[in-house]
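Structure record follows, encoded as structure tokens.
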Amino acid sequence: MLKSMTGFGRCEEVRVERKIIVEMKAVNHRYCDISIKMPKKLSFFEAGIRNVLKQYIGRGKVDVFITYEDFTENNVCVKYNEDIAKEYLKYLSQMSETFQIENDIRVSNLSRFPDIFTLEEQTIDEQELWKLVEKAVRAAAEQLVEARIAEGLNLKNDLYVKLDGMVDYINYIEERSPQIVSEYRQKLTAKVYELLGDTKLEESILATEVTVFADKICVDEETVRLRSHIMNMKNTLEVGEEIGRKLDFIAQEMNREANTILSKANDIHITNKAIDLKTEIEKIREQIQNIE
9 MLKSMTGFGR
19 CEEVRVERKI
29 IVEMKAVNHR
39 YCDISIKMPK
49 KLSFFEAGIR
59 NVLKQYIGRG
69 KVDVFITYED
79 FTENNVCVKY
89 NEDIAKEYLK
99 YLSQMSETFQ
109 IENDIRVSNL
119 SRFPDIFTLE
129 EQTIDEQELW
139 KLVEKAVRAA
149 AEQLVEARIA
159 EGLNLKNDLY
169 VKLDGMVDYI
179 NYIEERSPQI
189 VSEYRQKLTA
199 KVYELLGDTK
209 LEESILATEV
219 TVFADKICVD
229 EETVRLRSHI
239 MNMKNTLEVG
249 EEIGRKLDFI
259 AQEMNREANT
269 ILSKANDIHI
279 TNKAIDLKTE
289 IEKIREQIQN
299 IE
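Taking this note's numbering, the leading residue of the sequence shown gets 9, the next gets one more, and so forth.
Okay, structure coming up:
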């Protein structure tokens, strides 16, 4: 399916112990540029998250926001450092003997000394946490892709309308071109008789002049190539998978043909249609910038 590069996706995964929210938004970009903002606790999952997203996103600038909440009340534990306690007792006993004072240390007093008891955060089951993160990331990415596909369908329909409009302009140019030659011949003949009067002019000389003029303004090759480019673009739109760069190249070729028609134009009507062609091609190029 043809996809736009703009879209939004969101997923919220809630468990008894924790909650993860993943939000992502995408805009136009020449390449695949993924930016991830998440808590430090999840930073070791960044490579995995990027690998997952690349399965869904071929091009575009994607900003990903991940929030994480831990609801567990027993995610920390008390650690007793017996070796440190022994050291404290050892030196307290030495102080008592050295200074001849009573050693009145009690457990409650000893427990207040630094580092006897410390709080440590329990190790998180990384595999279980990754499953939750991956599920949320995939769900948000799938929602993003759905939004891109919906927008891509609108772009596709709009491009078809513009391409059909270009065909109408080409039809007019092809119909008008022979008339220009005929009108030129009539004007040339009238001018010759005006200047030479009854003097006869060989028909071959007149025909040669008209042929040279017709060759200068002939745009048959350009209109044929334009029709080919239009058909190629329509066929490419039906492919739909990461076609943005190819469409942009086709549009450049279209613009080149339109410029040639404009440079050859020796008629105000064809000039106007060539300008309309260029305007429509520019609109197409702008829309193509939104396609993945």
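Cβ atoms here follow ideal geometry from the backbone N, Cα and C, with glycine treated the same way.
- For the options His237, Tyr96, Thr268, Lys272, the alpha carbon positioned closest to that of aspartate 256 is the one of His237.
- For the options Glu288, Asp172, Arg38, the alpha carbon positioned closest to that of arginine 67 is the one of Arg38.
- Contact between valine 72 and valine 30 holds, with the beta-carbon distance rounding to 7 Å and staying under 8 Å.
- For glutamate 20, the enclosing beta strand (DSSP E) covers residues 15-22.
- Under the three-state reduction of DSSP, threonine 268 is assigned to helix.
- In this structure, the beta-carbon distance from glycine 17 to alanine 144 does not fall below 8 Å.
- For phenylalanine 121, same chain residues with a beta-carbon under 7 Å away, outside a window of 5 residues either side, are Tyr96 in chain order.
- Annotated three-state conformation of glutamate 31 is strand, per DSSP.
- For the pair of segments examined, the region 50-62 was found not to touch the region 18-27: the number of CB pairs separated by less than 8 Å stays below three.
- When only Cα atoms are considered, aspartate 176 and arginine 184 end up about 12 Å apart.
- When secondary structure is reduced to three states using DSSP, glycine 252 falls in the helix class.
- In the DSSP assignment, valine 70 falls within the unbroken beta strand (DSSP E) covering 68-78.
- Cβ neighbours of isoleucine 258 within its own chain (closer than 8 Å, five residues either side excluded): His237, Asn240, Met241, Thr244.
- Burial is judged here by how many other beta carbons sit within 10 angstroms of a residue's own beta carbon; glycine 15 has at least 16 and is buried.
- In the structure shown, the three-state DSSP call for aspartate 275 is coil.
- For the pair asparagine 298 and leucine 152, the CB atoms are not nearer than the 8 Å cut-off.
- Within the region 89-167, the runs of alpha helix (DSSP H) that reach at least 4 residues and sit entirely inside it are, in chain order, 90-107, 115-118.
- For the pair threonine 231 and isoleucine 178, the CB atoms are nearer than the 8 Å cut-off.
- In this structure, DSSP gives isoleucine 65 a state outside helix and strand, which the three-state scheme calls coil.
- Around the beta carbon of alanine 34, a 10 Å sphere encloses 16 or more other beta carbons of the protein chains shown; the residue is thus reported as buried.
- Among the bridge pairs identified by DSSP, arginine 26 is matched with Asp78.
- For the pair valine 247 and arginine 26, the Cα-to-Cα distance works out to about 42 Å.
- Cβ contact annotation for histidine 277 (same chain, cutoff 7 Å, sequence separation greater than five): Arg184, in chain order.
- Between the alpha carbons of glycine 252 and leucine 10 lies a distance of about 9 Å.
- In this structure, DSSP gives lysine 11 a state outside helix and strand, which the three-state scheme calls coil.
- Taking 8 Å as the upper bound for CB-CB distance, arginine 233 and glutamate 182 are not in contact here, some 13 Å apart.
- For isoleucine 42, the uninterrupted beta strand (DSSP E) run begins and ends at 40-45, by DSSP.
- A check of alpha carbon separations from glutamate 54 across Glu142, Val227, Glu90, Asp228 identifies Glu142 as the nearest.
- DSSP lists Thr126 as the bridge partner or partners of lysine 87.
- In this model, aspartate 91 and isoleucine 124 are separated by some 9 Å (Cα to Cα).
- When C-alpha distances from glutamate 154 are compared across Ile74, Tyr168, Glu134, Ile65, the shortest belongs to Ile65.
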